[in-house]
Amino acid sequence: MESSRPESGLSASGPALPAPSAAEVRRLAPDLIETLRLEQGRIALWPGHRARLLASARALGYPLDASALDGWLSAQLRSLPAPQPPAPDPVMDGPATDAAGMRGPCRLRLLLAADGALTLDCAPLPPTPEPVRIALAADVLETTAVLDAGDPWLRHKTTHRPAYAAAQRWLSAHPDHFDLIFGNAAGGLCEGSRSTIYVRDADGVWLTPPLSNGLLPGVQRQALLDEGAVREARLSLDDLRQAPALRVSNALRGWMSADMT
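Residues are numbered in my numbering as their position in the sequence shown, beginning at 1, plus a constant of 8.
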């Protein structure tokens, strides 16, 4: 494994994200997605989500004004039913309700269409017991499970996710697994279909692949890099197999311990 200089992909005012051709964007016109954790009336890691959405909108040519986004989202959150006290629990007190009469954290799915239309869905977020189970996509999928590190779509979270469609079908049929982990054609470690992957090295340092391996600039990933909790390194699938400990993350569920099966 080889250390690399951190590659940022979240600044809406920083270097532009790689973009597919304008013709391909027009042909596919996928929605941009941000999956958000709403808890105690606040969206976790919102500045990172906001920056990524604005950067991807700019790269794909989707109309999105930052101030309009802020105002729209504030109005949407205010329109949610007021939190209600949790029902009494004979065993233990439950967590406070956040939205729509739901206890505990909520999952918000924010979509931006190619014409600039925004939509927001809200659903309960069940807990995820740790460690979560993961597997290599190449070990369980019959279809090709190798990512193209140069595919610009991998740098944007959209509804166009052909590389991960088979993984999502497999995970639906195997609910005991949280995610499948992908590599690229050069044997480099990339990411899961719904999470960023981390390996601990022999010195106890947590490492994650660089964006150039072919992966999404995850919001939770960037937060961990900014905190100094993890470092980027050029990792291989062999590094994943031999790692003494593994973790995965996404902005919805945080940084979780993982076991490989």
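No residue lacks a Cβ here, since even glycine has one placed at the ideal position from N, Cα and C.
Remember, predicted model here, so these are calculated numbers, not experimental data.
Residue from D129, G124, S64, A171 whose Cα sits closest to the Cα of L88: Residue numbering aside, residue 88 sits at position 80 when the sequence shown is read from its first letter. Of the residues D129, G124, S64, A171, the one whose Cα lies closest to the Cα of L88 is D129.
Same chain, Cβ closer than 7 Å to R229, neighbours up to 5 away in sequence not counted: For the purposes of this step, residue 229 is identified with residue 221 of the sequence shown, where counting begins at 1. The residues are T204, T216, S257.
Backbone secondary structure at G56 - three-state DSSP: Looking up residue 56 in the sequence shown gives position 48. The answer is helix: DSSP assigns G56 an H, G or I state.
Burial state of T127 (16 or more Cβ within 10 Å): Position 119 of the sequence shown, counted from the first residue, corresponds to residue 127. Here T127 is exposed. Its C-beta has fewer than 16 other C-beta atoms within 10 Å.
Helix, strand or coil at R202 [DSSP, three-state]: Taking the sequence shown and counting its residues from 1, the one referred to as residue 202 is at position 194. Correct three-state label for R202: coil.
Cβ neighbours of R249 in the same chain (closer than 6 Å, five flanking residues each side left out): Taking the sequence shown and counting its residues from 1, one reaches residue 249 at position 241. Once the five neighbours on either side are set aside, R249 has no close Cβ partner at all.
Contact check, T269 vs H164, beta carbons under 9 Å: Stepping through the sequence shown from its first residue, residue 269 is reached at position 261. Stepping through the sequence shown from its first residue, residue 164 is reached at position 156. Cβ distance not < 9 Å, so T269 and H164 don't count as in contact.
Backbone CA spacing between P227 and L72 [nearest angstrom]: The count along the sequence shown starts at 1 and reaches residue 227 at position 219. The count along the sequence shown starts at 1 and reaches residue 72 at position 64. Sequence check: residue 227 is Val here, not Pro. So the two alpha carbons sit approximately 19 Å from each other.
Residue closest to L46, alpha-carbon to alpha-carbon, out of E32, L254, L118, R255: On the sequence shown, position 38 is the one that residue 46 refers to. Per the Cα distances, L118.
Three-way DSSP call (helix, strand, coil) for E240 in this model: In the sequence shown, residue 240 corresponds to position 232, counting from 1. Secondary structure of E240 (DSSP, three-state): strand.
Residue environment, E150, which counts as buried when at least 16 other CB atoms sit within 10 Å: Numbered from 1 along the sequence shown, position 142 holds the residue referred to as residue 150. Around the CB of E150, fewer than 16 other CB atoms lie within 10 Å, so the residue is classed as exposed.
Exposure label - G158; buried when at least 16 CB within 10 Å: Counting from 1 along the sequence shown, the entry for residue 158 is found at position 150. Counting every other CB atom within 10 Å of its CB across the protein chains shown gives G158 a total below 16, marking it as exposed.
Touch test, the segment 24-36 against the segment 62-79, Cβ-Cβ under 8 Å, three pairs minimum: When C-beta atoms of the segment 24-36 are compared with those of the segment 62-79, three or more pairs fall below 8 Å, so the two segments count as touching.
P225, buried or exposed, once every other Cβ within 10 Å from all chains shown has been counted against 16: As a first step, residue 225 must be located in the sequence shown, where it is residue number 217. Classification of P225: buried, given that the 10 Å Cβ count is 16 or more.
Element boundaries [alpha helix (DSSP H), containing V148]: Counted from its first residue, the sequence shown places residue 148 at position 140. From DSSP, the alpha helix (DSSP H) with V148 extends over 145-148.
Residues near A171 by beta carbon distance below 6 Å, same chain, minus five either side: Translated into the one-based positions of the sequence shown, residue 171 becomes position 163. Excluding positions up to five away in sequence, the list reads L155.
Residues near A122 in its chain [Cβ-Cβ closer than 6 Å; skip 5 each side]: Locating residue 122 in the sequence shown gives position 114, where the first residue counts as 1. These residues qualify, in order along the chain: A37, Y70.
CA-to-CA distance, R239 to V213, given in whole angstroms: One-based indexing of the sequence shown puts residue 213 at position 205. One-based indexing of the sequence shown puts residue 239 at position 231. If you take the alpha carbons of V213 and R239, they lie about 8 Å apart.
Cβ neighbours of L233 in the same chain (closer than 8 Å, five flanking residues each side left out): Here residue 233 is taken as the residue at index 225 of the sequence shown, counted from 1. Scanning its chain for C-beta atoms nearer than 8 Å, with the 5 sequence neighbours on each side dropped, one finds around L233 the residues P14, T216, R239, E240, in chain order.
Supposed close pair L188, G200 - CB separation, criterion 8 Å: Residue numbering aside, residue 188 sits at position 180 when the sequence shown is read from its first letter. Residue numbering aside, residue 200 sits at position 192 when the sequence shown is read from its first letter. At roughly 6 Å, the Cβ-Cβ gap stays under 8 Å, so L188 and G200 are in contact.
Same chain, Cβ closer than 6 Å to A52, neighbours up to 5 away in sequence not counted: Against the sequence shown, residue 52 aligns to sequence position 44. Cβ-Cβ distances below 6 Å link A52 to R45 in the same chain, with the five nearest sequence neighbours on each side left out; the list follows chain order.
Run of the alpha helix (DSSP H) containing G262, from where it starts to where it stops: The residue given as residue 262 occupies position 254 in the sequence shown. First-last for G262: 262-268, but that is the beta strand (DSSP E), not the alpha helix (DSSP H).
Span separating the alpha-carbon of R261 from that of A143: Here the question's residue 261 lines up with position 253 in the sequence shown. Here the question's residue 143 lines up with position 135 in the sequence shown. So the alpha carbons of these two residues sit roughly 18 Å apart.
Buried/exposed call for S64, threshold 16 Cβ in 10 Å: On the sequence shown, residue 64 is found 56 positions in, with the first residue counted as 1. By the neighbour-count criterion, in which 16 or more other beta carbons inside 10 Å mark a residue as buried, S64 falls on the buried side.
Own chain residues within Cβ distance below 6 Å of R35, not counting five before or after: By 1-based counting over the sequence shown, the position of residue 35 is 27. Around R35: no qualifying Cβ.
Sequence-distant residues of its chain with Cβ nearer than 8 Å to S29 (five each side left out): Start at 1 with the first residue of the sequence shown, and residue 29 comes out as number 21. Spatial neighbours of S29 in its own chain (CB-CB distance under 8 Å, excluding positions within 5 residues in sequence) are not present.
Nearest to G191 (by Cα), restricted to the options G222, Q176, A131, A253: Locating residue 191 in the sequence shown gives position 183, where the first residue counts as 1. Of G222, Q176, A131, A253, the residue nearest in Cα terms is G222.
Residue closest to V140, alpha-carbon to alpha-carbon, out of P183, R86, R177: Sequence index remark: in the sequence shown, residue 140 carries index 132 (1-based). Ranking the options by Cα distance to V140, first place goes to P183.
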